[in-house]
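Each residue of the sequence shown is one higher than the one before, starting from 1 at the first, in UniProt numbering.
For reference, the structure is listed below as C-alpha cells.
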Amino acid sequence: QPLFERAVEKLGPLENGEIYGFAPALALGGEPKLENLQKVKATEHLAFLADLGEKRVMADIVALSNQLPHNQ
1 QPLFERAVEK LGPLENGEIY GFAPALALGG EPKLENLQKV KATEHLAFLA DLGEKRVMAD
61 IVALSNQLPH NQ
C-alpha cells in the first residue's frame with residue numbers, strides 16, 4: 001500500500017492547511033518511513049524545508065514553454 005494511504009490510516013485525514021511531513025526532515029537525514037511522518041502546518045513546514053536548501057534562480061518554464069513552436 002502506498003505511503004500516503006498508510007499515513008491517512010495511521011494519522012487520519014488532513015485538515016485544511018496541513019500536510020504529512022517527515023520528522024526529521026529528509027534533508028536533515030530523516031528516513032522516508034511511515035513512523036517518521038506527522039501532520040504539520042503546510043506553510044510553516046514548506047518554509048522550513050525551503051530554508052534548508054540552497055537558493056537558486058530557476059528558469060521561467062511557462063515563458064520558455066510559450067516560446068515553443070507548438071504554442072505560437
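Positions of the beta carbon are idealized from the N, C-alpha and C atoms, including for glycine.
Here the C-alpha atom of K55 lies approximately 12 Å from the C-alpha atom of L49.
Counting along the chain, K10 sits inside the alpha helix (DSSP H) bounded by residues 3-11.
Restricting attention to K39, G21, L64, the CA atom closest to the CA of E15 is found in K39. By the beta-carbon neighbour count (other beta carbons within 10 angstroms, threshold 16), H70 is exposed.
Within its own chain, the residues whose Cβ lies closer than 8 Å to the Cβ of P32, once the five positions on either side in sequence are excluded, are L3, F22, L26, listed in chain order.
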